[in-house]
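Asker: Handing you this structure, nothing more for now.
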Amino acid sequence: MEKLDVTLDKLGAEIEQLQAKLNDARARQKTIVMRTQATESRLHVNRQLHNYSIDNAIDKFEYYERKIDLMEGQMDSIHVEKRGLQSEFDELARQEAIEKELENLKSKLNDK
């Protein structure tokens with residue numbers, strides 16, 4: 001009977017060791033699965049960053065942005081031609097006078 005108790009104690013200890021190893025293996029498996037998922041996500045993002053269709057879309061967007069800038073510049077030059085160069089200089093002088101007046105008011109407020 002005593003041998004049976006000793007054998008059962010050894011068996012219990014071995015079961016605990018196996019359970020600990022099993023728990024460790026499960027934890028390592030979870031870690032490996034999480035690392036795999038993270039790596040797959042990084043690969044997917046990396047592929048998307050280097051995807052030519054995205055680069056092509058960005059290139060088209062920049063092309064249209066430049067085209068719109070050019071058209072706006074043409075509209076501004078037409079506007080200047082219609083108003084006349086002298087009226088543009090007058091407008092700039094008026095804006096400069098307003099800015100000077102604003103600075104004077106700010107300095108008066110700061111002096112108080």
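Residue numbering for the sequence shown follows my numbering, starting at 1 and increasing by one per position.
All residues carry an ideal CB built from backbone N, CA and C; glycine is no exception.
Using the Cα positions of Tyr63 and Asn51, report the straight-line distance between them to the nearest angstrom.
Answerer: Translated into positions along the sequence shown, residue 63 becomes position 63. Translated into positions along the sequence shown, residue 51 becomes position 51. Cα to Cα, the separation comes out at about 19 Å.
Asker: Within a Cβ cutoff of 6 Å, which residues of the same chain sit near Glu101, ignoring the five residues on either side of it in sequence?
Answerer: Here residue 101 refers to the residue found at position 101 when the sequence shown is read from its first residue. Same-chain partners within the cutoff: there are none.
Asker: Using three-state DSSP, classify Met34 as helix, strand or coil.
Answerer: Counting from 1 along the sequence shown, the entry for residue 34 is found at position 34. Looking at Met34 - three-state DSSP - the assignment turns out to be helix.
Asker: Excluding the five sequence neighbours on either side, which residues of its own chain have a C-beta within less than 6 Å of the C-beta of Leu18, listed in chain order?
Answerer: Along the sequence shown, one-based indexing puts residue 18 at 18. Counting only Cβ-Cβ distances below 6 Å, and skipping sequence neighbours, we find nothing.
Asker: Could you compute how far the alpha carbon of Leu4 sits from the alpha carbon of Glu16?
Answerer: Here residue 4 refers to the residue found at position 4 of the sequence shown. Here residue 16 refers to the residue found at position 16 of the sequence shown. Rounded to the nearest angstrom, the two C-alpha atoms are 18 Å apart.
Asker: Would you identify the three-state DSSP class for Met71, choosing helix, strand or coil?
Answerer: Here the question's residue 71 lines up with position 71 in the sequence shown. Helix, per DSSP.
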